[in-house]
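Dropping the structure here:
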């Protein structure tokens, strides 16, 4: 008699993508291109994309983000394609997320939560995990109403929702306390990094930071320049934790060169703020190397996005060299 076996791997989630184009908005990215990127993010998170829809609105619906007619269409599509989770290409308000979950009876994940899920999977160092955990808790706090989220499950990534709300106030207090503890730990990391940078500065070694859109080839460039063996993968956010290598130039000048987390469009300021300790490496760098994957169909949009984030960080005037990756494919 055959024995019943228990699957050791969770089934792949079936994801349906939703994008909204606000009429009159001067977006760098088209809604279609942005949805293609969302599909790549979903794949990186381990989901299977089973469909997508776009709605053009004058402004988002305050209760559902989408118009009510589109919400009904989305409900009908669940019976048709059998999705488990709906991924929105923008950040939803806690109210919008709750209303959609109740109406569609499906898990609703917005772009911010999806990116945080990938960050949680990719973070390898203590510092990286601290920063991701802080961003996740700050994202979670306003979304606790109407749902009970067990704190021990937070590290599992997006969609960690719990039943009921009996411990809502307790959870809120615990999350706030956790946020404060994480901020204190990250501050200690920041001070340690600052001390390290001061010691480095006394040695007179120039520092260079490699920046660019996610998956543009930053780690590959670091490996090529320093003959290092930094992890490289053709996935979004393959590298999350910064890596620094010492490089000797032909004139015998030594340089410290760092690979940093990749940028991406629609990254909320709260997420950027959580990575303050890492991003300070950019602030202290003498030179930025901005690498662009010239073969990507959205290379121009990606480059504009990187420049926009640098400007938001107050680094728009930092000396910078743009490096075009994969130009050999055009020869």
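Numbering (our numbering), first residue to last: 8 to 338. All C-beta atoms in this analysis are idealised placements derived from N, C-alpha and C, irrespective of residue type, glycine included. All values reported here derive from a predicted model rather than from experimental measurement.
ask   = With distances taken between CB atoms, is the gap from residue 295 to residue 327 smaller than 8 Å?
value = yes
query = How would you call residue 118, buried or exposed, if buried means at least 16 neighbouring beta carbons within 10 angstroms?
reply = buried
message = I need the DSSP call for residue 230, collapsed to helix, strand or coil.
response = helix
key: Terminal residues of the alpha helix (DSSP H) in which residue 139 lies   = 133-147
task = Compute the Euclidean distance between the alpha carbons of residue 214 and residue 108, then round it to the nearest angstrom.
result = 48 Å
query = residue 103: buried (16+ other C-beta within 10 angstroms of its C-beta) or exposed?
reply = buried
ask   = In the DSSP assignment, what residue or residues form a beta bridge with residue 303?
value = Paired residue(s): none; residue 303 is not in a bridge.
ask   = Near residue 288, which residues of its chain fall below 7 Å by C-beta distance, leaving aside the five closest residues on each side in sequence?
value = 216, 249, 265, 267
Segments assigned beta strand (DSSP E), at least 3 residues, entirely inside the stretch 51-138 = 55-64, 92-95, 114-117
Residue 260 - DSSP class collapsed to helix/strand/coil = coil
Counted within 10 angstroms of its Cβ, other Cβ atoms place residue 93 as buried (16 or more) or exposed = buried
ask   = When the Cα atoms are used, what is the spatial distance from residue 70 to residue 299?
value = 39 Å
C-beta atoms of residue 42 and residue 61 nearer than 8 Å = yes
key: For residue 122 and residue 161, the rounded distance between their alpha carbons   = With a pLDDT of 38 at residue 161, under the threshold of 50, the modelled position of that residue is not reliable, and the figure given next carries that caveat. Whole-angstrom Cα-Cα distance: 14 Å.
Supposed close pair residue 182, residue 147 - CB separation, criterion 8 Å = 6 Å
ask   = Along the chain, where does the beta strand (DSSP E) that runs through residue 330 open and close?
value = 327-332
ask   = Would you report the Cα separation of residue 96 and residue 320, rounded to the nearest angstrom?
value = 23 Å
task = To the nearest angstrom, report how far apart residue 19 and residue 210 are at their CA atoms.
result = 51 Å
ask   = Roughly how far, in whole angstroms, is the beta-carbon of residue 221 from the beta-carbon of residue 282, given that I think they are within contact range, below 8 Å?
value = Actually they do not touch by this definition, with Cβ atoms about 13 Å apart.
ask   = Which stretch, first to last residue, makes up the beta strand (DSSP E) that contains residue 253?
value = 250-255
ask   = Shortest alpha-carbon distance to residue 194 belongs to which of 330, 252, 141?
value = 141
message = I'd like the list of long-range same chain contacts for residue 252, defined as Cβ closer than 7 Å, with 5 residues on each side in sequence excluded.
response = 229, 233, 235, 264
ask   = Between residue 78 and residue 99, what straight-line distance do the alpha-carbon atoms span, to the nearest angstrom?
value = 14 Å
message = What does DSSP give as the partner residue(s) for residue 277 in the beta ladder?
response = Its beta-bridge partners do not exist; DSSP assigns none.
request  = Within its chain, find whatever has a CB closer than 8 Å to the CB of residue 166; leave out the 5 residues flanking it on each side and keep chain order.
outcome  = The predicted position of residue 166 is uncertain, since its pLDDT is 48 and thus under 50; no value can be drawn from it.
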